[in-house]
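Just so we're on the same page, the numbering used here is the position in the sequence shown counted from 1, plus 10.
A virtual CB, placed ideally from N, CA and C, is assigned to each residue, including glycine.
A quick note: this is a predicted structure, and the numbers were derived from the prediction, not measured.
Input: a single structure, listed below in structure tokens.
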Amino acid sequence: TKKMPSFDITSKANLENIKNAVDVTMKMIVNRYDFKGTSAKVALNENDMKIDINADSEFQMDQIKDILFPALEKKEPDSSKRMSPENIETVSGNKLKQSLVIKSGISMELSKQIIKTVKDSKIKVQCSIQGDELRVKGPKRDVLQECIALIKTKHNEFPLNFGNFRD
Numbered sequence: 011t012k013k014m015p016s017f018d019i020t021s022k023a024n025l026e027n028i029k030n031a032v033d034v035t036m037k038m039i040v041n042r043y044d045f046k047g048t049s050a051k052v053a054l055n056e057n058d059m060k061i062d063i064n065a066d067s068e069f070q071m072d073q074i075k076d077i078l079f080p081a082l083e084k085k086e087p088d089s090s091k092r093m094s095p096e097n098i099e100t101v102s103g104n105k106l107k108q109s110l111v112i113k114s115g116i117s118m119e120l121s122k123q124i125i126k127t128v129k130d131s132k133i134k135v136q137c138s139i140q141g142d143e144l145r146v147k148g149p150k151r152d153v154l155q156e157c158i159a160l161i162k163t164k165h166n167e168f169p170l171n172f173g174n175f176r177d
């Protein structure tokens, strides 16, 4: 039996790049005159896969995000799309804290949406869910290319990587 060409769809958060972006953001916060003496800070919590933002006000929190998101995009394009904000909480009196959950891997819900998109398109490939990744097999490489183009068009709300091609 001849093996069919295939590729994998993955979405792994690059924590090294995210850490660099958080460090860059923190340096900028420290150097900003308007943040002096405030609770403004941003930190990566690798164990919980979160970025924690502390601020004195919602305005200041937005200012921090205005520094953080471009830094994330510069280090790892589309990585800000992985951030799922939790509710802003009030800490120590009138200070605010918000965590951004870093989503890594493809959720079951998104996997099913991608498979539905591919099935509805009638492109002759098979998709299988493998944990938080997808494997796509097809008869020819150009069919796989067509499938990738379709998925990139329809599913760009979350960063997806296409790789591990096998002929």
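Residue interval of the beta strand (DSSP E) (run including residue i)
i	result
E99	99-101
V34	First-last for V34: 25-41, but that is the alpha helix (DSSP H), not the beta strand (DSSP E).
C-beta contact flag for residue i and residue j at 8 Å
i	j	result
K29	G115	no
K60	V111	yes
V153	I133	yes
P15	R151	yes
P169	D88	yes
N171	E86	no
Straight-line gap, residue i to residue j (C-alpha atoms, nearest Å)
i	j	result
M93	E167	11 Å
S184	H165	Because the chain is modelled from 11 through 177, residue 184 falls outside the range shown and cannot be assessed.
S49	T163	41 Å
N55	M118	24 Å
I161	K113	19 Å
L78	K13	45 Å
V128	D58	33 Å
DSSP-derived helix/strand/coil call for residue i
i	result
K105	strand
T48	coil
I124	helix
K13	coil
M59	coil
S90	helix
Residue range of the unbroken alpha helix (DSSP H) whose run includes residue i
i	result
L78	68-85
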